[in-house]
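With our numbering applied, the sequence shown closes on residue 194, and no number is skipped along the way. Each residue gets a CB set at the ideal place from its N, CA and C atoms; glycine is no exception. Taking it in order: structure first as structure tokens, then the write-up.
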Amino acid sequence: MTDDSQGRFVIELQGIDKRHLALVWQKMKDGEELAGAEVFIGRSLADHPQWFPFFDTIGLLGGDDTLPDGENPFAHVSMHVLLGSQIFHSKPKEAELFYRMRLRKGDDSHMVIHMMMEVFQRHLAWAVQHATPGGEASLDMSAYARTLRTLWPLKTDKVWQRLGYDHIPPLH
């Protein structure tokens, strides 16, 4: 995590590479089988058909990935991949359990990822707000896991209400 000149924090996600996303995207387009982490990366890409044209150029264009509407497909899909990795590797185990429990309740897999994204981003924001003067932040994964455990038995609308929404938000 670094601090930019305008007082905002920039969070650097490790292990998510545009070249790898581009490779998985090309495999999907060619109908090749995905294996291991490629499965949740591919699912993260497939959940966003509105960005398929962007995925065709991922890694080719340098600089900012922000679209005219303010969305950043790379950052958004990177969060999906991060959460997919938590589920796939069961780290924390509550991530996989939350995902499975929500699917059993009838929630769409994309919605479940967005629920988890809301929770994770809140814990990430808390860590940033409580960073040391040198900018070091520590994400409390136990607290994140407890939050997931608290939310998984709730009905879908109640989860979103707990997360501060009056209605189920549109997914993107």
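- Around L43, the same chain offers I80 as residues with beta carbons nearer than 6 angstroms, after the five sequence neighbours per side are excluded.
- The straight-line gap separating the alpha-carbon atoms of A147 and H98 is approximately 16 angstroms.
- For I63, the three-state secondary structure derived from DSSP is helix.
- DSSP, reduced to helix, strand and coil, places K177 outside both helices and strands of the structure shown, so it counts as coil.
- Counting only residues of its own chain and dropping the five nearest sequence neighbours on each side, R171 has a CB closer than 6 angstroms to the CB of E116.
- In terms of CA proximity to Y187, V141 leads the group V141, E55, M163.
- Residue burial is scored here from C-beta neighbours: L67 has at least 16 other C-beta atoms within 10 angstroms and is therefore classed as buried.
- When only Cα atoms are considered, W47 and S107 end up about 17 angstroms apart.
- Within its own chain, the residues whose Cβ lies closer than 6 angstroms to the Cβ of S112, once the five positions on either side in sequence are excluded, are E118, listed in chain order.
- Collapsing the DSSP output to three states places I109 in a helix.
- Secondary structure at D78: helix, using DSSP grouped into helix, strand and coil.
- As the crow flies, the alpha-carbon of G156 is around 29 angstroms from that of H102.
- If you draw a 10 Å sphere on the C-beta of A167, you find 16 or more other C-beta atoms in it, and that means buried.
- Residues W174 of the same chain have their beta carbon placed closer than 6 angstroms to that of M123, with the five preceding and five following residues left out of the count.
- Residue state for K115 is assigned as helix, using DSSP reduced to three classes.
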